[in-house]
Amino acid sequence: MTESKQAMTAIERLLQIAERLKSHLGDDAVEEVKEHNGEVSVTLKRQVLTESLRYLRDQEHFEMLVDATAADYSQLRGEPRFEVVYHLLSLTHRLRLRVKVRLFSHDAWVPTVCGIYPSANPYEREIWDMFGIRIEGHPNLKRILTYDEFPGHPLRKDFPLFWQPGMPLEKREEQFEEW
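Quick note on numbering: our numbering labels position 106 of the sequence shown as 87, and the sequence is numbered without any gaps.
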């Protein structure tokens, strides 16, 4: 056999990692493991998020959080409305893994993962700002893309599409005399 046939594919390795994660956490902590278009996603219960990410960093060598974001699926499936999505990278093994947590609109929060991946800080602030999903324990949870008085969270599906909030600007006549 050639070396390439003996080596496991990235998908096979990721699925094995997902199985080890399930063994570590218990089967009921992992809601779904899905392979689609050459990528593996693991959907977890919120209660095991920090333990899972710590395990993936320390035991499976996913050293880097590349991105964290959210999605509002209220118009597609109803509840659970939101997904918070973490994209992890193992530089050691050259693998990428997607970790998701599903949230109901009446209970939309996740614990911060800044203590595990410090790069999560601005991503978590953006999730709060754009979707209104609370990040419990975040060291500086405040808006990052909109101003403090901004009403609502613009990436939610229930945000008015054609309404644009604005801050009142004071017009001074002397600014326009030159025109």
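Every residue, glycine too, gets a C-beta built ideally from N, C-alpha and C.
Check for me: the beta strand (DSSP E) holding residue i runs from which residue to which?
i, result
"PRO92", "90 to 92"
"LEU25", "20 to 25"
Relative to the C-alpha of residue i, which candidate in the options has its C-alpha closest?
i, options, result
"PHE112", "PRO120, ASP53, HIS17, PRO99", "ASP53"
"GLU20", "VAL82, ALA(-1), ASN121, ASP9", "ALA(-1)"
"GLU64", "LEU72, SER71, SER86", "SER86"
"LEU57", "TRP144, LYS138, PHE143", "LYS138"
"ASN18", "ARG27, PHE143, PRO120, LEU78", "LEU78"
"LEU136", "ARG27, SER33, ALA51", "ALA51"
"ASP39", "PHE131, GLY133, ARG106, ILE97", "ILE97"
"LEU37", "GLU60, ILE116, LEU76, ASP9", "LEU76"
With a cut-off of 8 Å on the beta carbons, I'd call residue i and residue j a contact; round off their distance for me.
i, j, result
"TRP90", "ILE114", "6 Å"
"TYR67", "LEU46", "6 Å"
"LEU25", "GLU12", "7 Å"
"ILE95", "HIS74", "A quick correction: the sequence has Cys, not Ile, at residue 95. Not confirmed; about 24 Å, so no contact."
"SER71", "HIS42", "5 Å"
Going straight from the alpha carbon of residue i to that of residue j, what length do you get?
i, j, result
"LEU126", "MET(-11)", "42 Å"
"ARG1", "GLY7", "10 Å"
"ARG35", "ARG124", "26 Å"
"LEU69", "THR31", "13 Å"
"ASP129", "ASP110", "9 Å"
"GLU16", "VAL29", "21 Å"
"TRP144", "VAL80", "33 Å"
"ALA101", "ALA49", "7 Å"
"GLU(-7)", "LEU122", "38 Å"
"VAL14", "VAL23", "5 Å"
"SER55", "PRO99", "30 Å"
"ILE116", "HIS134", "14 Å"
"PRO61", "ALA10", "16 Å"
"ARG27", "ARG106", "18 Å"
"PHE131", "ASP88", "22 Å"
"LEU142", "GLY59", "19 Å"
"GLU44", "PHE140", "36 Å"
"THR93", "ALA(-9)", "29 Å"
Scan the region 77 to 135 and note each continuous beta strand (DSSP E) run of 3 residues or more that stays entirely inside, going in chain order. Runs of the beta strand (DSSP E) inside the region 77 to 135: 90 to 92, 115 to 117.
Every unbroken alpha helix (DSSP H) inside the region -6 to 66 [4 residues or more]: The DSSP assignment places complete alpha helix (DSSP H) segments of no fewer than 4 residues inside the region -6 to 66 at 30 to 39, 55 to 58, in order along the chain.
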